[in-house]
Amino acid sequence: MKRTIEADLLTDIMLMIFRINGRLLDGGDRLGAPLNLTSARWQVLGAISLSSGHVAVPAIAEMMGMTRQGAQKQVNKLEEDGFVERRPNPRHQRSPFYVLTPQGAESYARISALHTGWANALASGLNAPELQAALDLLGRFDQRLALDATESEERK
Numbered sequence: 008m009k010r011t012i013e014a015d016l017l018t019d020i021m022l023m024i025f026r027i028n029g030r031l032l033d034g035g036d037r038l039g040a041p042l043n044l045t046s047a048r049w050q051v052l053g054a055i056s057l058s059s060g061h062v063a064v065p066a067i068a069e070m071m072g073m074t075r076q077g078a079q080k081q082v083n084k085l086e087e088d089g090f091v092e093r094r095p096n097p098r099h100q101r102s103p104f105y106v107l108t109p110q111g112a113e114s115y116a117r118i119s120a121l122h123t124g125w126a127n128a129l130a131s132g133l134n135a136p137e138l139q140a141a142l143d144l145l146g147r148f149d150q151r152l153a154l155d156a157t158e159s160e161e162r163k
């Protein structure tokens, strides 16, 4: 079977996303280094901050597109370093909630401010309609990937 032009272009987009992901992670690591935050730790702090004040590891993993094990590893490191603390989860004793400590909230606020400057610099020269079109396309691609994953699980 011959690949369609659309499939070729989508493959090019996938490869570009892989490259961009690596660059985003490297940039996030550089941005967070003075705060003792890696990109992965920043993601987890963000998930906790954006939640209703407390969140369990499976929800963190889901929100940030991480594995549960990866999210748990980062939560453990953040807890060791005083950025987060656990709270009882009345619905699931073995899956505690995590909340930001004052240190974690301050670090998240500081990296958010750094991110604003970084995002403004990266967005320079791009226009809102282009960015919105890219966001819309990536959102549709994400939905197709989620549907494909669900259908693959159902076929097992």
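The opening residue of the sequence shown carries number 8 in the numbering used here; numbering runs sequentially from there. Glycine included, each C-beta is placed from N, C-alpha and C at the ideal position.
Residue 54 versus residue 8: straight-line alpha-carbon distance, rounded: As a working mapping, residue 54 is identified with position 47 in the sequence shown. As a working mapping, residue 8 is identified with position 1 in the sequence shown. Approximately 42 Å, taken between the alpha carbons.
Cβ contact (3+ pairs, closer than 8 Å) linking the stretch 105 to 118 and the stretch 59 to 68: yes
Provide the residue(s) that pair with residue 107 in DSSP beta bridges, ordered along the chain. Reading the sequence shown from its first residue, position 100 is the one you call residue 107. Its beta-bridge partners are 91.
Taking Cβ positions, are residue 73 and residue 81 nearer each other than 9 Å? For the purposes of this step, residue 73 is taken as the residue at position 66 of the sequence shown. For the purposes of this step, residue 81 is taken as the residue at position 74 of the sequence shown. Cβ distance < 9 Å, so residue 73 and residue 81 count as in contact.
Cβ-based neighbour list, residue 46, same chain, cut-off 6 Å, excluding 5 preceding and 5 following: The sequence position of residue 46 within the sequence shown is 39, counting from 1. Within the same chain, residue 46 has close Cβ partners 32, 35 and 36.
Report the option in 97, 50 and 60 whose CA atom is closest to the CA atom of residue 68. Within the sequence shown, residue 68 is the residue found at index 61, counting from 1. If we check each option's Cα against that of residue 68, 50 comes out closest.
C-alpha gap between residue 14 and residue 93, whole angstroms: Counted from its first residue, the sequence shown places residue 14 at position 7. Counted from its first residue, the sequence shown places residue 93 at position 86. If you take the alpha carbons of residue 14 and residue 93, they lie about 45 Å apart.
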